[in-house]
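Report on one structure; see the data block that follows.
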Amino acid sequence: MRKTLIAANWKMYKTPAESSAFLTSFFPLVRNNTSTEIVLCPPMTSLTSLVDAARDKSVFIGSQTMHWLNEGAYTGETSPTMLTAIGVTHVLIGHSERRQYFNETDTTVNLKLKSALAHRIVPIVCVGEHLNEREANLTADVLNLQVAVALEGIDPATLAPLVIAYEPVWAIGTGRTATPEIAEEAHKIIRAQIAQVAGSDLAASTRILYGGSVKPDNAAALCGLEDIDGALVGGASLDPTSFSQIICNASPK
Ligand code: PGA
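Quick note on the numbering used here: the sequence shown kicks off at 9 and runs consecutively.
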């Protein structure tokens with residue numbers, strides 16, 4: 009019932025030429041995939057060319073961030089209407105690097121989520137605890153607050169497209185993956201909180217991805233778990249072979 013979703017977060021890597029070269033190698037490797045929703049989130053400067061190249065190829069193109077307003081005097085920002093105008097279908101919201109370096113908060117995550125839903129862009133809302141919070145036994149509190157504020161004031165009937173990515177900050181780019189047990193426990197906490205805030209039907213249908221040092225050799229163990237519905241992949245998504253292996257290993261058999 010929950011279709012596996014594997015998303016690539018390229019962060020600030022790849023020029024348009026490098027992004028196109030990735031696709032040329034990548035398409036043949038996932039030609040036979042039908043069971044998994046594949047999303048590539050390149051830098052803004054590669055969005056247009058990738059949307060064009062991915063047309064009719066069952067690969068979706070997402071943005072790594074967006075503003076919540078349609079237009080205005082916000083130097084450097086990109087709006088949801090600009091993204092939909094070029095064919096972008098997904099957006100990452102509140103990635104921990106956006107929270108850490110660009111002052112995004114649970115409140116701006118909430119504004120962006122409302123905006124993405126209104127513009128029919130699939131929102132991938134990122135949550136996750138820092139190492140000191142885990143060590144202080146605060147993981148559940150942190151996740152519950154992040155999910156509650158993200159969903160605040162949103163009619164559950166409009167939340168069907170919602171995707172959550174659980175990304176423990178201590179596992180991002182560190183090579184230190186959460187064990188399947190740790191990840192599954194956190195996913196259960198998040199699902200229970202969605203049920204609390206927006207009802208059990210939505211909780212049952214919401215896809216929750218794991219992110220943080222996902223690699224070809226740990227993707228199957230993580231994505232095979234009951235509450236893990238896919239992955240958000242940073243470093244290992246930059247290479248077409250390793251990203252396609254993750255998709256292959258994580259896809260339902
Ligand atoms: P990583 O990044 O796979 O390189 O740990 C994941 C992410 O930041 O989304």
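Glycine included, each C-beta is placed from N, C-alpha and C at the ideal position.
Around the C-beta of residue i, are 16 or more other C-beta atoms found within 10 angstroms, so that it is buried, or is it exposed?
i: residue 137; result: buried
i: residue 122; result: buried
i: residue 62; result: buried
i: residue 9; result: exposed
i: residue 251; result: buried
i: residue 139; result: exposed
Out of the options, which one is the CA nearest neighbour of residue i?
i: residue 78; options: 92, 26, 170 and 132; result: 92
i: residue 200; options: 118, 218 and 213; result: 213
i: residue 224; options: 42, 182 and 248; result: 248
i: residue 112; options: 228, 192 and 76; result: 76
i: residue 184; options: 222, 171 and 73; result: 222
i: residue 68; options: 98, 143 and 53; result: 98
i: residue 114; options: 36, 129 and 133; result: 133
i: residue 170; options: 66, 153, 260 and 127; result: 127
Please tell me whether residue i and residue j are closer than 8 Å, where the distance is taken between their beta carbons.
i: residue 31; j: residue 70; result: no
i: residue 117; j: residue 95; result: no
i: residue 164; j: residue 210; result: yes
i: residue 240; j: residue 173; result: yes
i: residue 50; j: residue 20; result: no
i: residue 104; j: residue 177; result: yes
i: residue 190; j: residue 155; result: no
i: residue 57; j: residue 27; result: yes
i: residue 12; j: residue 258; result: yes
According to DSSP, which residues form a beta bridge with residue i?
i: residue 54; result: Its beta-bridge partners do not exist; DSSP assigns none.
i: residue 219; result: 240
i: residue 272; result: Only positions 9 to 261 of the chain appear in this structure, which leaves residue 272 out of reach.
i: residue 172; result: 133 and 216
i: residue 17; result: 49
i: residue 44; result: 12
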